Structure formats: C-alpha cells, structure tokens
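Notes follow once the structure below has been shown.
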Amino acid sequence: MTAAVDIRDFVVAYETGGGAVFALDGIDLAIGAGETLGIVGESGSGKSTLGMAIGRLLAPNARIDAGDILVAGCSVTTSDDETVRRLRRERLGFVFQNPMSALDPTMRIGRQVALAMEGTPDTAAVERLLVRAGLDEPGRVARSFPHELSGGMAQRVVIALAIARNPQILIADEPTASLDASIRDRILDLLFAMRAETGASLVILSHDLRMIVHRCERVIVMYGGRIVEMGESQAVFGSPAHPYTRALIRAAAGNEAPGEQLDPIPGVPPVLRAPSADCAFAPRCAHAAERCRRERPAERAVGGSRVACHFAEEIMAASGTAREVAE
Amino acid sequence: MRLIYFLAPRLLIAAITMFGVALLVFLSLRLIPGGYADIVLGPFATGAARDLLIQRYGLDEPIFVQFGKWLWALLQGDFGNSMVTNKPVIDEFLRRAPVTGELAILTLLLALAIGLPLGVWSGLAEGGAGGKGRLGRLVGALGASVPDFVIGSAFIFIFSKWSLGLKVGGFVPLDQGLWDNLKTMILPTVSLSVFAIALFLRTTRDAVLRVMTDGHILAAVARGQRPRDIVRHHVLRNAAIPVVTVTATYFGFLLGGAVIAEVLFSIPGVGYYIFSSLEERDYAVVQAGVLLAAFVFVSLNMVADFAYALIDPRIGAARSGT
Amino acid sequence: MIALASARLGRFFRRDSLGLLGAVLLLVLLILGIFGDLLPLGDPNAIGAGPRLGAPSLAFPLGTDDLGRSYLPRVVEGIGVTFLLSAIAVIITAVIGTLLGMAAGYLHGATDHLIARIADILFAFPALLFGLLAAAVIGPGSIAAIVVISTATIPLFIRVVRSVTLSVAEREFVVAAVVSGASTWRVMLVHLLPNILGAAIIQLTYALSVSMIIESALSFLGLGVQPPAASLGSLLRLGSVYLTIAPWLVLAPGLVLAAAIMSINLLGDAIRDALDPLRGRSLK
Chain A
1 MTAAVDIRDF
11 VVAYETGGGA
21 VFALDGIDLA
31 IGAGETLGIV
41 GESGSGKSTL
51 GMAIGRLLAP
61 NARIDAGDIL
71 VAGCSVTTSD
81 DETVRRLRRE
91 RLGFVFQNPM
101 SALDPTMRIG
111 RQVALAMEGT
121 PDTAAVERLL
131 VRAGLDEPGR
141 VARSFPHELS
151 GGMAQRVVIA
161 LAIARNPQIL
171 IADEPTASLD
181 ASIRDRILDL
191 LFAMRAETGA
201 SLVILSHDLR
211 MIVHRCERVI
221 VMYGGRIVEM
231 GESQAVFGSP
241 AHPYTRALIR
251 AAAGNEAPGE
261 QLDPIPGVPP
271 VLRAPSADCA
281 FAPRCAHAAE
291 RCRRERPAER
301 AVGGSRVACH
311 FAEEIMAASG
321 TAREVAE
Chain B
1 MRLIYFLAPR
11 LLIAAITMFG
21 VALLVFLSLR
31 LIPGGYADIV
41 LGPFATGAAR
51 DLLIQRYGLD
61 EPIFVQFGKW
71 LWALLQGDFG
81 NSMVTNKPVI
91 DEFLRRAPVT
101 GELAILTLLL
111 ALAIGLPLGV
121 WSGLAEGGAG
131 GKGRLGRLVG
141 ALGASVPDFV
151 IGSAFIFIFS
161 KWSLGLKVGG
171 FVPLDQGLWD
181 NLKTMILPTV
191 SLSVFAIALF
201 LRTTRDAVLR
211 VMTDGHILAA
221 VARGQRPRDI
231 VRHHVLRNAA
241 IPVVTVTATY
251 FGFLLGGAVI
261 AEVLFSIPGV
271 GYYIFSSLEE
281 RDYAVVQAGV
291 LLAAFVFVSL
301 NMVADFAYAL
311 IDPRIGAARS
321 GT
Chain C
1 MIALASARLG
11 RFFRRDSLGL
21 LGAVLLLVLL
31 ILGIFGDLLP
41 LGDPNAIGAG
51 PRLGAPSLAF
61 PLGTDDLGRS
71 YLPRVVEGIG
81 VTFLLSAIAV
91 IITAVIGTLL
101 GMAAGYLHGA
111 TDHLIARIAD
121 ILFAFPALLF
131 GLLAAAVIGP
141 GSIAAIVVIS
151 TATIPLFIRV
161 VRSVTLSVAE
171 REFVVAAVVS
181 GASTWRVMLV
191 HLLPNILGAA
201 IIQLTYALSV
211 SMIIESALSF
221 LGLGVQPPAA
231 SLGSLLRLGS
241 VYLTIAPWLV
251 LAPGLVLAAA
261 IMSINLLGDA
271 IRDALDPLRG
281 RSLK
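Chains as they are written, first to last, in full-length UniProt numbering: chain A, 1 to 327; chain B, 1 to 322; chain C, 1 to 284.
Written out as structure tokens, the structure reads:
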C-alpha cells in the first residue's frame with residue numbers, strides 16, 4: 001500500500017496571547033491510497049489541526065515545531081506556495097463543517113462551481129457535477145445564491161466543489177455537524193459514494209465514534225494532540241486497549257441499554273503548554289498510576305491495534321472485552 | 001419585487017429622518033430666548049420692521065401652525081428668502097451647487113483612486129505574515145490626523161511664496177476653460193483628499209481583513225485557487241459593502257460640509273455661501289443650508305442602501321421571505 | 001493585581017510598536033496640556049513680552065504672535081483647551097451614547113425604533129453646518145462647540161453600542177439573569193455594561209479623534225473658543241492671517257494638533273487590534 005499522505009513526527013503549536021499552546025504533539029501517520037480513515041477525538045484533541053495541516057491551511061498563528069507532511073511524496077511544509085497550491089488543486093479536496101460559511105454569499109452557485117472546475121466549463125458540465133453530488137434540480141441550484149439553499153443542499157454543493165477535479169485525498173472535517181440529524185446519513189452516503197467513484201482516500205474527522213467505526217476501514221483516536229489508539233475499525237471498537245477509547249465508547253450515545261445512564265468522561269481535555277512529558281490523559285484516567293505521570297507512553301502494537309498506553313495489556317485483560325462493556 | 005420590499009421601509013425611514021431634521025432646525029431658530037424676530041433683525045430693529053416680519057412668518061400664531069406653514073412651504077421648494085438680498089435662497093444654492101459638486105466629485109475620485117488600492121493592499125498584506133500591514137496602518141492613522149485646514153494653510157503658504165504653477169484663490173468657473181478651472185481646484189481637492197484617502201484606506205483594509213477571516217476564503221484557498229483570483233472573485237465584492245456606505249456618507253459630508261476648503265481657497269460654492277451669510281447674520285441661508293445638506297445626505301444613504309441590495313443578495317431576501 | 005495588569009500592558013505594547021508610539025505621544029501632550037502652566041514657559045497672556053510676529057529665537061522658542069505674546073505657552077495652553085473641550089464633549093457622547101445604545105439594543109420594540117430614528121436624525125446633520133447654526137443660535141463659544149461635537153459623535157456611538165448589546169443580550173449569562181428574575185436595570189448595569197465596555201472604549205477613541213478635528217475646525221472658523229482663550233484651532237485661525245510673513249504661527253499649532261490626533265488614532269487602532277483581532281489568513 002503506497003501512502004497518499006505521510007505524516008512524520010508532526011508537532012504544531014499556536015501562538016496565543018498567553019503563550020504557545022500545542023495542538024499536535026508528535027503525529028506519525030500514513031494514509032493509504034484509497035483507504036477510508038476516521039479520526040475521532042473531542043474538540044481540542046488536535047484532529048482539525050491535523051486535517052488543515054495536510055493542506056497547509058493552518059491559521060496564521062500556527063507554528064510547525066517539528067516533522068513534515070508529504071502529500072504524494074511532496075513536502076507540504078517546505079515546498080513553495082505554487083507547489084502547495086497545485087497539490088490543493090489537483091490532489092486534495094476539503095469538505096468543511098459549515099457549508100453556509102464555506103460558500104461565497106455574494107456569488108451564484110453555478111459560478112462558484114465553474115471556478116472550482118478545470119478550464120472554463122459550460123453550464124451543462126456544471127450541472128452534471130451538481131447531479132453527481134445528488135442535487136435533483138441542478139439548473140435551479142446553479143442559479144441560486146447560497147442563502148437560498150438548505151443546509152443539506154449547500155453541503156452537497158461543497159462536496160461537488162471538493163470533487164470537481166477528482167482529488168486523490170478527500171478530507172472532511174465534521175461534515176455533518178451543522179446539519180439536521182435527518183439528512184446526516186444521506187450526506188455521509190454521498191461522501192462515501194464519491195470516494196468509491198473516484199477511488200480517493202477519504203479522511204473523516206468526527207467525534208462520533210460509532211459512525212466512524214460503522215463506515216471507515218481504519219480508525220484513529222486522538223487525545224491531547226497525540227494518536228492514542230489506531231487500528232482496523234472492528235479491532236479498535238471490538239477490543240479497545242486505551243482507557244480513553246474505552247471511555248469514548250462508554251460515553252457514546254446509542255450503546256446504552258434502556259434505562260441505563262450514559263457515562264460521561266470526567267474532567268476536561270488538556271491545554272498543552274509544552275510537548276507532554278507524561279500521558280496527557282492521566283489526570284482523567286481511572287487506571288492512571290505513578291508511571292503515567294512520569295513517562296510518556298510510546299506507541300506500540302497491542303492486540304490488533306497500535307496503542308499509546310503503559311497499561312494497555314493489563315487493562316484489556318482485567319476488564320474483559322469492550323464488546324461486553326458496550327452490550 | 002425584492003427591491004421594493006427592501007426599499008419601501010427605507011423610504012419611510014428617510015422621510016421620518018428628514019421630518020425630524022426639519023423640526024429640529026425649525027425649533028432651534030424659534031424657541032430661543034429673545035425669539036426669532038430678534039435673531040433675524042438684530043437688537044436695533046424698528047418696531048415697524050418687527051411687525052412686518054411677525055406678520056410675514058405668522059410669528060403670532062401657535063408654534064405648530066407656524067411649523068405646518070413653514071413645512072408646507074419647504075415641500076413646495078420654498079426655503080425662504082435671504083434676509084440680505086430678499087431673493088429666494090434656493091436659487092442661490094442651486095447656482096452654487098455645481099461648484100461644490102465639482103469639488104466633492106474630484107475629491108471623491110482622487111481619494112478612491114488612492115485609498116481603495118492602498119486599503120486592499122494593506123488588508124491583504126496584514127492578512128499574511130503581518131509586518132507589511134503596519135505601513136498601511138501608519139499611513140491610515142497619519143492621514144486621518146491632519147485636518148484639511150492645516151494642509152490647506154500649508155499649501156497656501158507654499159504656493160503663494162513660490163510660484164509653482166498653481167494659483168491660490170482666484171476661482172475660475174468651469175465654463176471658462178477646463179484646465180484653468182482645474183488649476184484652481186487642485187489645491188482644495190488635495191487638501192480635502194488627505195483625510196478622505198485615510199478614511200477609505202482604513203475602511204477598505206478593515207473590510208478586506210474581515211472578509212479574509214470568512215470561511216469561504218479558506219475554502220477557496222483549500223481548492224487551490226490562485227491568490228489573485230480569490231481577491232478578484234471573492235474578496236473584493238464581499239469587502240465592497242462597508243466601503244459603499246462610507247463612500248456615500250463621505251460624499252454627503254463633502255457636498256454639505258466642505259466649508260473650510262471653500263473658505264480657505266475662496267471657492268464660491270455652497271459652503272462659502274453659508275459661511276459668509278453667517279457673517280452677515282443671514283440666518284435664512286444657514287437654515288436652508290443645513291436642511292439641504294441633510295436632505296442630500298439622507299438621499300445618498302438611500303442610494304447606498306440600494307447599492308447594498310445589488311451587491312449582497314442576502315439583503316432584502318430576509319424581509320420579503322423568499 | 002497591579003503586577004498582572006502591568007505585565008499585560010507591557011505585552012500589549014511589545015506586540016504593537018505603533019500603539020506604544022501613540023501612547024507615549026498622547027501622554028506627553030496630556031502632561032503638557034494639563035500641567036503646562038506650572039512649567040516655566042512664560043505667561044501666555046503677557047502682551048508685548050517680545051516683538052510683534054517675532055521669529056523663533058532662544059527667548060521665544062516658537063516666536064511671538066501679533067500682540068508680542070510668547071507663542072510657546074500659548075500653544076501649550078491651546079493643547080490643554082483642545083483636549084479639555086474634546087474630552088468633555090466625548091464624555092457626554094459616551095454617557096448618552098452608551099445609555100441610549102444599550103436601551104435600544106436590550107429593550108427592543110418602540111424604544112429601539114425611537115432611538116434609531118434619533119440617531120438617524122442627528123447623523124444627517126452636517127457637523128460644520130450645524131456648528132454654524134448653533135453659533136447663530138447660542139452664540140459662538142465653548143458651549144456651542146461641545147453641543148456640536150456631541151451631536152456629531154453620538155449617532156455612531158449609539159449604533160455601535162446597540163449592535164454589541166444585541167449580541168451580548170443573547171449570551172447565556174444574560175438569559176440566565178433574566179430568567180432568575182433580575183430587574184431590567186440590574187441586567188443592563190451588572191450584566192450588559194461590563195461586556196460592552198470594550199467596544200465602547202474603541203468607539204470612544206475614534207470619537208475623541210473626530211472631536212478634536214471638529215473642535216479645531218470650529219475654532220478655525222471662529223465659532224469655537226473665543227479670545228483671549230485659545231485652542232489649537234483658534235491659534236491656527238489667527239496664524240493663517242499672517243501666514244506668509246509668520247508661517248511658524250501656523251506650523252506649530254498645526255503640527256501639534258496633527259500629533260495629538262495621530263496619537264489617539266494609533267492608540268485606538270492598537271486597542272482595537274488587541275480587543276478585536278482580525279486575523280485574516282494568507283491566500284498562499
């Protein structure tokens with residue numbers, strides 16, 4: 001499997017009025033060509049920073065402290081502006097959380113789509129692309145302004161813009177978070193259908209572990225700017241090794257028996273002032289021991305997954321499989 | 001249809017505003033100690049002149065009747081007669097309006113030609129790594145700090161001390177030759193433009209910066225569109241809205257308020273007329289001047305609202321419910 | 001507490017050299033304006049202290065005016081008068097503008113409409129022409145200048161405070177206070193006011209800058225401060241009469257006035273950037 005995106009020991013900090021805050025704390029990750037990858041984490045886990053970094057789209061106050069990202073073998077951090085622009089245009093496609101703010105409010109949809117396509121496409125080509133994105137009345141949509149569309153239709157337009165040049169990597173950051181619950185599944189169906197059609201890799205960032213496990217081949221769990229667990233979806237969900245993953249599964253709605261209470265994760269995500277020298281999850285972890293507050297856990301193979309926890313094996317053995325926890 | 005729904009309430013508001021201005025102007029001249037007649041006639045007027053004035057303006061009638069009559073006359077274009085020449089004030093204003101209009105248009109064109117590109121450049125530069133935008137900020141703060149009469153005075157000193165081809169004063173009307181006319185208009189135009197350039201620079205820079213934080217700009221960057229295409233297609237149009245408002249407001253200010261530049265450079269426009277009338281205690285002119293300037297200002301704001309609706313398709317849609 | 005505040009202030013100015021320049025300039029001018037008469041600069045009103053329209057010299061660093069008065073203490077006095085008049089006008093503007101703006105934004109309905117119309121009407125008055133009218137009605141002088149400046153700066157103040165109030169009033173803590181039965185006054189003073197102060201302070205600096213321009217323009221036209229008192233504008237008015245023979249009479253107050261307004265503009269921009277940072281992204 002050749003890597004479409006290769007992320008190596010990547011560290012990003014944001015300069016804020018109160019000093020630097022680290023968002024990514026040493027990420028190593030290879031995204032395979034054509035794979036579907038879900039990245040799960042709470043807000044503040046660094047998953048959006050990771051998604052944006054792949055297209056060198058970080059905010060101006062972001063600072064890359066170490067590491068590199070290669071897209072199709074080309075460094076995103078060191079290449080010149082024109083090379084990166086080409087990468088974005090030809091290889092990457094982004095789908096954003098809020099479709100309404102991702103569309104220019106003063107321009108008709110048809111023209112925005114035409115600008116995203118190659119060359120100077122005619123009306124028919126624009127409408128064909130809109131149909132591909134599942135819009136039934138492409139003519140009417142093309143003549144509309146963004147505020148005249150529903151959220152779901154607008155997100156279909158955003159997806160059409162993302163696939164306009166048949167990218168090799170689609171990155172979708174919480175693509176359904178701002179939409180009505182009733183249409184979320186259909187938008188996800190469209191995303192995965194587009195992936196299948198174009199053969200692109202699809203990276204979905206979400207806090208919805210169930211959806212990710214259900215739809216993606218591989219899942220990554222992020223916490224405090226690090227990857228804490230990574231593996232085949234069924235393996236991670238079926239036998240989670242990291243206490244945070246287990247807590248996420250317990251906290252997720254949809255797993256509870258009738259009458260059973262949801263089990264929220266106590267505490268709040270950390271604000272990292274420096275790369276963490278210990279386990280960032282330790283303050284919220286029921287299994288944390290002295291070692292966790294002293295030594296940074298390395299990523300290693302546990303069961304079928306890769307896990308960054310000192311006590312992954314013990315925890316798995318002691319508390320049985322997550323399937324029992326979940327069911 | 002959209003525009004009608006959008007404009008109808010605005011027309012109403014403009015009418016209410018004008019009514020309020022008229023009421024305030026009326027009251028300010030009538031409800032002062034000593035009364036209108038004393039102000040108009042001065043302390044040494046004869047009883048006969050007083051009686052004549054009281055009869056003519058109906059000053060012995062209840063105040064709201066006076067206001068009604070006065071307003072009715074206004075609506076028919078009767079802004080009263082000059083107390084000095086006894087001729088209709090409005091004629092004098094209309095005669096001088098083209099001169100003030102020329103000065104305002106020249107100033108606006110010069111200020112937009114320089115301020116807009118500088119503002120866009122400054123906003124784009126600041127949006128990047130920063131640093132370069134500092135220069136724009138400094139120029140903006142500096143230009144907005146030097147009042148027109150300071151620059152005008154400096155010009156008068158420089159150009160009357162050394163003959164540099166431009167005349168100070170000695171206005172030449174437009175119909176006596178474009179170039180001769182322009183030569184007398186350049187200095188007042190530039191004096192007025194310095195503040196205006198800074199104003200447009202600051203407004204445009206802020207507007208550009210605000211657009212640059214919008215999600216659709218990030219989306220365009222993420223699609224790999226060329227920077228200059230993003231500016232051309234997405235930044236400029238979205239940034240235009242606040243700039244249009246400020247342009248209309250400032251044009252209104254120039255048409256009614258370029259008093260100092262006209263006085264300094266002896267340009268026989270509306271501002272000069274009002275100012276010299278005040279020195280002759282011709283309050284009818286001052287009163288009409290304020291009313292006309294406010295009317296022009298309100299009308300221009302209506303035009304700006306109309307321009308908005310053309311630029312931003314969202315405006316008006318919310319009201320009409322489509 | 002003080003240490004924390006000064007540390008913040010220090011960081012604020014390190015990040016913003018232009019803001020620091022403005023603050024220092026403003027401080028120097030304020031000290032000159034307020035304590036100028038305590039400095040050994042000479043008597044601003046001593047007629048015949050030197051030659052008439054004398055050029056700058058060691059004894060008279062800024063020269064002398066048409067009555068032989070030393071110009072340096074007069075300019076320093078002018079700074080004080082210009083600042084004082086503008087400050088009084090802007091304080092009036094801030095109080096009225098904040099109250100009306102908050103009332104319009106929080107009370108909605110008829111109150112909102114009424115205040116919006118008042119702001120529209122005041123906004124439509126051309127400041128200088130209104131100054132001419134005010135001079136005609138209440139006579140030229142400081143009071144007329146203050147009335148004109150406040151009238152010119154209140155409408156924008158109302159609009160800014162109103163729009164900020166609208167967005168603050170939707171936040172949870174305000175809604176919670178309303179639900180828990182706090183009185184309208186209490187909500188406005190305890191919950192809304194502290195949260196609109198930032199926007200009000202930004203608007204205040206802009207209003208102050210505009211005030212100084214209007215004040216000096218009115219005085220320049222002879223409608224503001226009356227002799228023997230002098231603001232920077234009235235000094236400019238006098239100086240412009242002798243422009244060709246004694247240009248320093250215009251140069252000194254002109255430069256000082258520009259420096260004063262610029263100091264406020266630079267400081268205002270810096271405060272705005274700190275409170276409401278607009279970080280656009282690079283297009284590259």
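Even glycine gets a Cβ: it sits at the ideal position worked out from N, Cα and C.
Computed from a predicted structure; not experimentally measured.
Once you ignore the five residues that flank glycine 152 of chain B on each side, which residues in its own chain have a CB closer than 8 angstroms to its CB?
-> Locating residue 152 of chain B in the second sequence gives position 152, counting from the first residue. Closer than 8 angstroms at the Cβ level, and outside the excluded window around glycine 152 of chain B, lie Leu187, Pro188, Ser191, Ile260, Ala261, Leu264, Phe265.
Does the Cβ-Cβ distance between valine 113 of chain A and arginine 91 of chain A come in under 8 angstroms?
-> Indexing the first sequence from 1 puts residue 113 of chain A at position 113. Indexing the first sequence from 1 puts residue 91 of chain A at position 91. 8 angstroms or more divides the Cβ of valine 113 of chain A from the Cβ of arginine 91 of chain A.
Check each residue of the segment 239 to 266 of chain C: if its Cβ is closer than 7 angstroms to any Cβ of chain B, include it; give the result in chain order.
-> Ser240, Leu243, Thr244, Pro247, Val250, Gly254, Leu257, Ala258, Ile261, Met262, Asn265, Leu266
Beta-ladder partner(s) of alanine 20 of chain A, from DSSP = Mapped onto the first sequence, residue 20 of chain A falls at position 20. BP columns for alanine 20 of chain A point to A:Glu15.
Considering only residues of the segment 138 to 168 of chain B, which uninterrupted alpha helix (DSSP H) runs meet the minimum length of 4 residues and lie entirely inside it, listed in chain order?
-> 148 to 161
Touching or not, the segment 162 to 172 of chain A and the segment 194 to 204 of chain A, by the rule of three or more beta carbon pairs under 8 angstroms?
-> Verdict: yes, contact present.
Contacting positions in the segment 205 to 224 of chain B - beta carbon closer than 9 angstroms to chain A | Asp214, Gly215, His216, Ile217, Leu218, Ala219, Ala220, Val221, Ala222, Arg223, Gly224
How is serine 195 of chain C classed by DSSP in three states: helix, strand or coil?
-> Numbered from 1 along the third sequence, position 195 holds the residue referred to as residue 195 of chain C. Checking the sequence shown, residue 195 of chain C turns out to be asparagine, not serine. Of the three classes helix, strand and coil, the one that applies to asparagine 195 of chain C here is helix, per DSSP.
Chain C contacts made by the segment 76 to 104 of chain B, where a contact means CB separation under 8 angstroms = none
Could you name the residues of chain C that aspartate 81 of chain A contacts, counting a contact when the two beta carbons are closer than 7 angstroms?
-> By one-based count along the first sequence, residue 81 of chain A stands at place 81. Those are Lys284, listed as they occur along chain C.
Among B:Phe19, B:Val290, B:Ala222, nearest to glycine 51 of chain A - alpha-carbon criterion | Locating residue 51 of chain A in the first sequence gives position 51, where the first residue counts as 1. Of B:Phe19, B:Val290, B:Ala222, the residue nearest in Cα terms is B:Ala222.
Extent of the continuous beta strand (DSSP E) to which glutamate 232 of chain A belongs | In the first sequence, counting from the first residue as 1, residue 232 of chain A sits at position 232. Element bounds for glutamate 232 of chain A: 226 to 232.
Leucine 205 of chain A, enclosing beta strand (DSSP E) - first and last residue | Numbered from 1 along the first sequence, position 205 holds the residue referred to as residue 205 of chain A. Secondary structure note for leucine 205 of chain A: its beta strand (DSSP E) is the uninterrupted segment 201 to 206.
May I ask you to verify whether the segment 226 to 243 of chain C touches the segment 194 to 210 of chain C, counting CB pairs closer than 8 angstroms and requiring at least 3?
-> no
Does the distance from the CB of alanine 198 of chain B to the CB of alanine 258 of chain B come in under 8 angstroms?
-> In the second sequence, counting from the first residue as 1, residue 198 of chain B sits at position 198. In the second sequence, counting from the first residue as 1, residue 258 of chain B sits at position 258. No, they are not a contact pair.
Is glycine 46 of chain A near glycine 225 of chain A, with beta carbons less than 8 angstroms apart?
-> Position 46 of the first sequence holds residue 46 of chain A. Position 225 of the first sequence holds residue 225 of chain A. For glycine 46 of chain A and glycine 225 of chain A, yes; Cβs fall inside 8 angstroms.
Beta-carbon spacing of glycine 42 of chain C, leucine 72 of chain C below 8 angstroms | For the purposes of this step, residue 42 of chain C is taken as residue 42 along the third sequence, with counting starting at 1. For the purposes of this step, residue 72 of chain C is taken as residue 72 along the third sequence, with counting starting at 1. Cβ distance < 8 angstroms, so glycine 42 of chain C and leucine 72 of chain C count as in contact.
If we cut at 8 angstroms on Cβ distances, does phenylalanine 155 of chain B have a partner in chain C?
-> Working through the second sequence from its first residue, we reach residue 155 of chain B at position 155. Answer no: the Cβ-Cβ gap between phenylalanine 155 of chain B and chain C never drops below 8 angstroms.
CA-to-CA distance, proline 227 of chain C to valine 250 of chain C, given in whole angstroms | For the purposes of this step, residue 250 of chain C is identified with residue 250 of the third sequence, where counting begins at 1. For the purposes of this step, residue 227 of chain C is identified with residue 227 of the third sequence, where counting begins at 1. The straight-line gap from Cα to Cα measures roughly 17 angstroms.
Going straight from the alpha carbon of glycine 128 of chain B to that of serine 167 of chain C, what length do you get?
-> Looking up residue 128 of chain B in the second sequence gives position 128. Looking up residue 167 of chain C in the third sequence gives position 167. With a pLDDT of only 46 at glycine 128 of chain B, under 50, the local geometry of the prediction cannot be trusted, and the value read off the model is given with reservation. In a straight line, the C-alpha of glycine 128 of chain B is about 29 angstroms away from that of serine 167 of chain C.
Using a Cβ cut-off of 8 angstroms (strictly closer), state whether serine 216 of chain C contacts chain B.
-> Translated into positions along the third sequence, residue 216 of chain C becomes position 216. Chain B contact via Cβ: present.
Chain B within 8 angstroms of arginine 88 of chain A, Cβ atoms only | For the purposes of this step, residue 88 of chain A is identified with residue 88 of the first sequence, where counting begins at 1. Yes, arginine 88 of chain A lies at the interface with chain B (some Cβ there is under 8 angstroms from its Cβ).
Tell me, please, whether the CB atom of glycine 321 of chain B is closer than 8 angstroms to any CB atom in chain A?
-> As a working note, residue 321 of chain B is residue 321 in the second sequence. Because glycine 321 of chain B sits at a pLDDT of 35, beneath the cut-off of 50, its placement in the model cannot be relied upon, and the point is left open.
Check whether the Cβ atoms of valine 221 of chain A and phenylalanine 237 of chain A sit closer than 8 angstroms, and answer yes or no.
-> The sequence position of residue 221 of chain A within the first sequence is 221, counting from 1. The sequence position of residue 237 of chain A within the first sequence is 237, counting from 1. No. Outside cutoff.
Cβ pair count under 8 angstroms reaching 3, the segment 82 to 95 of chain C against the segment 207 to 227 of chain C = yes
Reduced DSSP secondary structure (H/G/I, E/B, other) of aspartate 104 of chain A = Here residue 104 of chain A is taken as the residue at index 104 of the first sequence, counted from 1. Aspartate 104 of chain A falls in the coil class under three-state DSSP.
Just tell me which of A:Gly110, A:Gly73, A:Glu15, A:Thr106 has its CA closest to the CA of valine 126 of chain A.
-> Within the first sequence, the letter at position 126 stands for residue 126 of chain A. With distances taken between Cα atoms, valine 126 of chain A lies closest to A:Gly110.
Shorter than 8 angstroms from the beta carbon of phenylalanine 125 of chain C to some beta carbon of chain B?
-> Counting from 1 along the third sequence, the entry for residue 125 of chain C is found at position 125. Yes, phenylalanine 125 of chain C lies at the interface with chain B (some Cβ there is under 8 angstroms from its Cβ).
When the Cβ atoms of the segment 143 to 162 of chain C are set against those of the segment 127 to 135 of chain C, are three or more pairs found closer than 8 angstroms?
-> yes
Unbroken alpha helix (DSSP H) run spanning glycine 110 of chain C, endpoints = Position 110 of the third sequence holds residue 110 of chain C. Going by the sequence as given, residue 110 of chain C is alanine instead of glycine. First-last of the alpha helix (DSSP H) with alanine 110 of chain C: 109 to 124.
Taking serine 182 of chain A as the reference, give the member of A:Gly152, A:Glu15, A:Ala116 with the closest Cα.
-> Within the first sequence, the letter at position 182 stands for residue 182 of chain A. The shortest C-alpha separation from serine 182 of chain A is found at A:Gly152.
Does leucine 191 of chain A have its Cβ less than 8 angstroms from a Cβ in chain B?
-> Against the first sequence, residue 191 of chain A aligns to sequence position 191. No - not a single Cβ of chain B is within 8 angstroms of the one on leucine 191 of chain A.
Partner residues on chain C for isoleucine 230 of chain B, Cβ-Cβ distance less than 8 angstroms | In the second sequence, the residue the question calls residue 230 of chain B occupies position 230. Near isoleucine 230 of chain B (Cβ distances below 8 angstroms), the residues of chain C are Leu283.
With a cut-off of 8 angstroms, does the C-beta of glycine 128 of chain B fall near any C-beta of chain C?
-> As a position in the second sequence, residue 128 of chain B is number 128, starting the count at 1. With a pLDDT of 46 at glycine 128 of chain B, under the threshold of 50, the predicted position of this residue should be treated as unreliable, though the coordinate-derived value follows. For glycine 128 of chain B, the answer is yes, since a Cβ of chain C falls inside 8 angstroms of its Cβ.
Might you give, ordered along the chain, the residues of its own chain that have their beta carbon closer than 7 angstroms to the beta carbon of isoleucine 31 of chain C, omitting 5 neighbours on each side?
-> For the purposes of this step, residue 31 of chain C is taken as the residue at position 31 of the third sequence. The answer is none, since no qualifying residue turns up.
Per DSSP, which one or two residues make a beta bridge with valine 95 of chain A?
-> As a working mapping, residue 95 of chain A is identified with position 95 in the first sequence. Beta-bridge pairing links valine 95 of chain A to A:Ala172.
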